[in-house]
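Presented below is the structure to which this report refers.
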Amino acid sequence: MTVLARRHRSTIVLMWAVLTCLSCGLRPAAAADTAAPQDAVQMTVDFLAKDDQAFRAIGLDRVRYGLKGEAATKQFAGLLSKLAPARQLELTAALADRGDRAALPATLALLMASQEPAVRAAAIHAVGSLGSGTEVAVLKTSLAAADPEKAAARRALTILRGNDVTPLIVEAAKVGEPGLRPTFIDILADRRAVSALPDLLAAAVDGDPAVRTAAMRALARFGGPEQVAGMVQGVLKAASGGERDEAERSLVTVCTQNPGKEKAAEALLTQFKAADDATKETLLTVLARVGGDGALAIVDGLIADANAGKRRLGLTALAKWPDATVSQRLLDLLGKSQDPTERELLLATLIRIAPLPDNKLKDKQKLELLEKTMSLCKRDEDRRRVLERANAIRTIETLRFVAPYLDDPNLAEPACLSVVELAHHRTIRDANKDEFTKALDKVLGTTKNEELIERAERYKQGQTWERKKPAKS
Amino acid sequence: MVHDTSARSIPPASEASTATRRGFLKTAGVAASATIASPYVITSKALGDATTPPASDRIVMGGIGIGNMGSGDQNAFLGRADVQYVAVCDVRKKWRDDGKGRVDGKYANTDCAAYVDFRELLARDDIDAVHIATPDHWHAIMTIAACRAGKDVYLQKPETLTLREGPLMVAAARRYGRVVSGGSQRVLEDYKEIVNPCWAGELGTIKSVDVSVGGPSQPCYLPAQETPTDIDWDLWLGPAPWEPYNSGRCDGNYGTGGNSWRSYIDYSGGSLTDWGAHHFGGTIFATDLRELQPLNVTYHPASSDGKEAAYVSVAYPNGVELHHNRPQQLRPKDPLVGGRGAIQIFGDGQRRAAKPVPVYKGTGGIYGDFIECVKTRERPFRDIELAVNTMSGPHMIGIAYRLQRSLNWDVAAQQFTGDEEANRLCDRARREPWIL
Amino acid sequence: MAYDPASLDKPFEILKAFDWGGDASAFQPIDAAVVAAHADPAARADLEKRLATLLGAGTSRAAKEYVCRKLSLIGTAASVPSLAALLPEKDHSHMARFALERINAAEATEALRKALGTVLGDLKIGMISSLAGRGDAASVPAIAALLSGESKTAVAAADALGRIHTPEACQALAAAGGITDKAAGSAIADARLACAESLLRQGKRAEAKAIYTSLSESAAAGTTPTAKATRLAAARGILACLDTTTTS
């Protein structure tokens, strides 16, 4: 054996091996030849009783990753009823991670006996980790409780294993407590329960709007081409307004983002063509949001129609287009249209689509389109929107386009925003440090927006800025 | 207030005061300056209120490396009601002052201690946990030192610089029962479109994944510049070879094409491990390879006509292959079953049993996950062992590019089989007096 | 491509006077030759010789550093004398170790051992570090003798013995008595924990448990955080020793 080989064997190997030895690592330990030694179990139990959390952690670690075997599990689980609530909570969590179903009776008993919401939530989580279809009933009950039990029950039903689990949740979504039916549908979505897709389609046309909305939202998560026809019915069933809008978005997601999106878009087109006029009018917005050549032909036909109502429908649809492939059409229409309302709509659409990140144009072309759009603007209101949209095109040329507007009192604020947004992207900023420093200095001398000032200062100093995320439930 | 010191040899934790672990209320600020003379007074804030836990229940934290990523991490922890932030450490005065300023501003006092030398911060008994966001060449030494000092660690990705560091870091965490979380928030949060279908079994058995991300780091030959007075250059270099100061050598920007420490081999694995920690991390999590390390590393030379660049693939024990920058024209057309941007997944598409996707504990993303685990002593989402496994692939890929040949990895022995030169690249000698 | 020594004449000439900021592309052919030499022992030997020659007087610091990096990949016993000569030099000691620590030859270990006995201060810690990195069992007595010395060196010595963790290293750590330096005491405890872990891995549960028990008892009276950390680690270890259901 060479020196280096010896070195590796004598040091690295042994250090690595510690992982599977000292605390049993994350790898499953070898199957136990015998039951866990009683002295080790007792020592663990003793640690679990310590006041000092550091010592308890040693015991909990062993519960999680060591001392394999049902007998040891039962001994640990048997402690639950004797512990104070805070200790019950931590041992329950450890037993959940241990993953031995032998702890299930004790955790269920704890769930029944404890008056502490946090302990009950921990027990619910453990039931989710250890249980199967048999435990759906008890978890359904917990779902009706308040948080933290409700949240724990939802997660538990999401992670619960077993072939019989999904059908039971489907059943609950169909005939369960009305107020909880949407939650059961959300759980099916979290489980990505493909076997429940037919049931979700049925729920999409349910009489209860909350159920319909939840079903369409679930279908958006993992629906495919086969679900398009049913989702169309969901859109048609949805009440106009917020519910319809959300249903449409769900269908658009399936046709533009999910696996099989091209086929889904084709299926939508087929559905559209086969529909009666009233249905077509309803589906036109969805069709436009999905985009594509087939949809464009339909929209073109409507715009070209002599009937003013149909033309308006076509233009409204065009305004929903998802990419910049229609930019030339919009420019042509703008060139010809004299109707102020039409022109406003077309211009707003151009401003929106020009910098879209998913279009087929290169950055240079996007900026050219935006500059052209700017030249067509007659109102500062529109110019402001152009400047705000510009930062979606992350190039130094965009900075050069925006920077002059920092001097225009009417347009300085959106220009400041765009300069700062562009500066957020370090690759562009670092490669054009002088230009950005100059522009950021101007921002600092112009804006009164505190967040923009903070960001500009950070970027000037080479620091990052963390975008605030909306609070999550 | 700033406690700058040029002392290199400082007392380790064992020589520090014997104050209780939660004794920060009594000692906060004292380490920072002897100028605080007023007696300690229990404030209403210390006792907690409806939204803020009492001080005794807060996790006392400090930060090491408070530059670009470090300041972001600091803000995340500083914004938590269950964290009491008491100290910053950076070898650059500006970062140090800025970091202290943020803390003092938050608490409306001047108590935050500021250190040049991380050992001083680790020697404080009152600190429960630290976040580390230094260049990569410091990660292992600081993490191991923190574990030995009884601190939990939130460590920015990439967690390791060499293959050999990983097992030592995991061993330290396990030995002392510390919570050590890696710091790639993107792994769970930014790759849902591949993570969810993979764990749901919708993509079937994954055969291979193409990952597009930049390559390994390069040597640095930047010229010497006069060392500014606001940086402790010797401490910035630490265990890395001595090289003259150059602002581009130590700049913390995110580029990997030069003029940033992320570009250079002494301090980083380059884009391959930096962004790679995200892209490979997301891929490895999605395909549930986090508990495995590759067995084979295959170097595919560039085509003789120059049309196809060299690329490297790693194969895992379960048969999954990850290809780094495989030219598009060499990828199979089918069956592509999923992907997002730089990641393309090929599988058999035959539905498999679903597994629940692991999630963060607590609230507040990966930072909340870490804090929750500090409280409960559970293992975090990106537990150091999983992080080490994750990063092993990119490190092996980097070695294969350097040597321009294929390699085989013996996971149990943690060495390459039959390639002495490759084994030489598993680690590097550290500049005295640093020892791993 | 076949090895062409003449093609490297100019790159080597440029390299000799290279300073940071210079044109590194000029000696990129050397990089390529080093990688290619893997399959050509004669080329490798020639390259090694030419590289080692540059480690003498008249070569810039940057160039020597470059040479050490290359020798760390292809160096053999042949380049050990040139590298060893740099070990006592403050500016070059680390890069010499950078190469020597990786060179798979008994001569490299011997050079580090020899330097351990002669260099002082941080340079000595460097030797300790590299001998530990090589897992050199034969240097255990020399390193163990440093446990009772100056604090920083004693800490490094303890760390090294923990890394080597041969029976002799573990024994030396256990026998280290009368250490009053707290930092060294803490490092010794950590190293002994590493020793116990290695025994546990080998299935020597009783021996491992004996170390853990000893550590637990000696730390029992301590009130410092370090003493508690040791007690906790030892308790964790004892439990691991008792748990025969886990992989060992």
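Protein chains in written order, with the numbering used here: chain W, 4 to 476; chain V, 16 to 451; chain G, 2 to 249.
Ideal Cβ positions, reconstructed from N, Cα and C, are used throughout, including at glycine.
Among T67(V), G120(V), Y169(V), which residue has its Cα nearest to the Cα of G380(V)? Taking the second sequence and counting its residues from 1, one reaches residue 380(V) at position 365. The residue with the shortest Cα to Cα distance from G380(V) is Y169(V).
If you count every other CB in all the chains shown that lies within 10 Å of the CB of R341(V), and 16 or more means buried, which is it? In the second sequence, residue 341(V) corresponds to position 326, counting from 1. R341(V) comes out buried.
DSSP beta-bridge partners of I189(G): Numbered from 1 along the third sequence, position 188 holds the residue referred to as residue 189(G). Beta-bridge pairing links I189(G) to no other residue.
Tell me, please, whether the CB atom of D326(W) is closer than 8 Å to any CB atom in chain V? On the first sequence, residue 326(W) is found 323 positions in, with the first residue counted as 1. Nearest CB-CB separation between D326(W) and chain V: not below the 8 Å threshold.
A157(G) touches chain V at which residues, Cβ-Cβ below 8 Å? Position 156 of the third sequence, counting from 1, holds the residue named residue 157(G). Neighbours of A157(G) in chain V, taken as residues at a C-beta separation under 8 Å, are given in chain order as P448, I450.
Helix, strand or coil for G317(W)? Go by DSSP, reduced to three states. For the purposes of this step, residue 317(W) is taken as residue 314 along the first sequence, with counting starting at 1. Helix, per DSSP.
Less than 8 Å separating the beta-carbons of I180(G) and I450(V)? Start at 1 with the first residue of the third sequence, and residue 180(G) comes out as number 179. Start at 1 with the first residue of the second sequence, and residue 450(V) comes out as number 435. No; because the gap between Cβ atoms is not below 8 Å, this pair is not in contact.
Cβ distance (whole Å) where R445(V) is taken to contact D245(V) below 8 Å: In the second sequence, residue 445(V) corresponds to position 430, counting from 1. In the second sequence, residue 245(V) corresponds to position 230, counting from 1. Between D245(V) and R445(V) the Cβ distance is about 25 Å, and since that is not below 8 Å, they are no contact.
Bridge partners of P150(V), per DSSP? Numbered from 1 along the second sequence, position 135 holds the residue referred to as residue 150(V). In the DSSP output, where bridge partners are listed per residue, P150(V) has none listed.
Residue span of the alpha helix (DSSP H) that contains W251(V), given as start and end: On the second sequence, position 236 is the one that residue 251(V) refers to. Taken as a continuous stretch (DSSP letters only), the alpha helix (DSSP H) holding W251(V) covers 248 to 252.
With 16 other Cβ atoms within 10 Å as the buried cut-off, status of G57(G): As a working mapping, residue 57(G) is identified with position 56 in the third sequence. Burial call: exposed.
Selection from L372(W), K369(W), A320(W), P358(W) that minimises the alpha carbon distance to L348(W): As a first step, residue 348(W) must be located in the first sequence, where it is residue number 345. That would be A320(W), whose Cα lies nearest to the Cα of L348(W).
Mind the definition here: the segment 95 to 110 of chain W touches the segment 65 to 77 of chain W only if three or more C-beta pairs lie below 8 Å; say whether that holds. Under the 8 Å Cβ criterion, the segment 95 to 110 of chain W counts as touching the segment 65 to 77 of chain W, having at least three qualifying pairs.
Give a yes or no on whether the C-beta atoms belonging to G354(V) and I209(V) are separated by under 8 Å. Here residue 354(V) refers to the residue found at position 339 when the second sequence is read from its first residue. Here residue 209(V) refers to the residue found at position 194 when the second sequence is read from its first residue. Cβ distance < 8 Å, so G354(V) and I209(V) count as in contact.
Does Q359(V) pass the burial test, meaning 16 or more other C-beta atoms within 10 Å, or should it be called exposed? The count along the second sequence starts at 1 and reaches residue 359(V) at position 344. Of the other Cβ atoms in all chains shown, 16 or more fall within 10 Å of the Cβ of Q359(V); this residue is therefore buried.
Range covered by the beta strand (DSSP E) that runs through E336(V): The count along the second sequence starts at 1 and reaches residue 336(V) at position 321. Looking at the DSSP string, the run of the beta strand (DSSP E) that includes E336(V) is 336 to 339.
Quick check on A43(V): buried or exposed, where buried means 16 or more other Cβ atoms within 10 Å of its Cβ? Taking the second sequence and counting its residues from 1, the one referred to as residue 43(V) is at position 28. Because the pLDDT of A43(V) is 32, which lies under 50, any placement of that residue in the model is unreliable, and the question is left without a value.
Which class does A129(V) belong to by DSSP, given the choice of helix, strand or coil? Position 114 of the second sequence, counted from the first residue, corresponds to residue 129(V). Strand at A129(V).
Beta-bridge partners of C532(V), as assigned by DSSP: Residue numbering for chain V in the displayed model covers 16 to 451; residue 532(V) lies beyond these limits and cannot be assessed.
Along the segment 200 to 218 of chain G, what residues have a CB closer than 7 Å to any CB found in chain W? Result list: L201, R202.
Using 8 Å as the limit for Cβ to Cβ distance, is T391(V) near chain W? Residue 391(V) sits at position 376 when you count from the first residue of the second sequence. It does; some Cβ of chain W falls within 8 Å.
State yes or no: is the C-beta of D160(G) within less than 8 Å of the C-beta of A133(G)? The residue given as residue 160(G) occupies position 159 in the third sequence. The residue given as residue 133(G) occupies position 132 in the third sequence. Contact: yes.
On the criterion of 16 or more Cβ atoms from any shown chain inside 10 Å, does Y462(W) qualify as buried, or is it exposed? For the purposes of this step, residue 462(W) is identified with residue 459 of the first sequence, where counting begins at 1. So Y462(W) ends up on the buried side.
Identify whether S199(V) lies in helix, strand or coil by the three-state DSSP scheme. Walking along the second sequence from the start, residue 199(V) turns up at place 184. Three-state result, S199(V): coil.
For the segment 420 to 438 of chain V against the segment 304 to 323 of chain V, do three or more pairs of beta-carbon atoms, one drawn from each stretch, fall closer than 8 Å, so that the two count as touching? Yes: the two stretches touch, three or more of their Cβ pairs being nearer than 8 Å.
So, using beta-carbon positions, are P358(W) and R387(W) closer together than 8 Å? Taking the first sequence and counting its residues from 1, one reaches residue 358(W) at position 355. Taking the first sequence and counting its residues from 1, one reaches residue 387(W) at position 384. Taking 8 Å as the Cβ cut-off, P358(W) and R387(W) do not qualify as a contacting pair.
CB contact below 8 Å: F58(W) versus chain G: The residue you call residue 58(W) lines up with position 55 of the first sequence. True, the Cβ-Cβ gap to chain G drops below 8 Å.
Taking Q83(V) as the query, report the chain W residues whose CB atoms sit under 7 Å from its CB, ordered along the chain. Reading the second sequence from its first residue, position 68 is the one you call residue 83(V). The sequence given here has Asn at residue 83(V), not Gln. Close partners of N83(V) in chain W (Cβ separation under 7 Å): Q466, T467.
Does DSSP put P201(W) in a helix, in a strand, or in coil? As a working mapping, residue 201(W) is identified with position 198 in the first sequence. In the structure shown, P201(W) falls within a helical segment according to DSSP collapsed to helix, strand and coil.
Touch check for the segment 106 to 124 of chain W and the segment 72 to 83 of chain W: three-plus C-beta pairs under 8 Å? Counting C-beta pairs with one atom in each stretch, the segment 106 to 124 of chain W and the segment 72 to 83 of chain W have three or more that are closer than 8 Å, which means they touch.
Closer than 8 Å at the beta carbon, the chain W residues around S232(V): As a working mapping, residue 232(V) is identified with position 217 in the second sequence. Chain W residues near S232(V): none, gap ~18 Å exceeds 8 Å.
Could you check whether the Cβ of Y269(V) sits closer than 8 Å to any Cβ belonging to chain W? Reading the second sequence from its first residue, position 254 is the one you call residue 269(V). Yes, its Cβ sits closer than 8 Å to a Cβ of chain W.
Is W21(G) near L237(V), with beta carbons less than 8 Å apart? What you label residue 21(G) is simply residue 20 of the third sequence in a count that begins at 1. What you label residue 237(V) is simply residue 222 of the second sequence in a count that begins at 1. It is a contact, given that the beta carbons lie within the stated cut-off.
Does the beta carbon of S83(G) sit closer than 8 Å to a beta carbon anywhere in chain V? As a working note, residue 83(G) is residue 82 in the third sequence. Chain V contact via Cβ: absent.
Assign C27(W) to one of two classes, buried (16 or more other C-beta atoms within 10 Å of its C-beta) or exposed (fewer than that). Taking the first sequence and counting its residues from 1, the one referred to as residue 27(W) is at position 24. Its pLDDT being 41, under 50, C27(W) is placed unreliably in this model, and the value from its coordinates should be taken loosely. So C27(W) ends up on the buried side.
Check the Cβ-Cβ distances between A96(W) and every residue of chain V, and say whether any is below 8 Å. Reading the first sequence from its first residue, position 93 is the one you call residue 96(W). It does; some Cβ of chain V falls within 8 Å.
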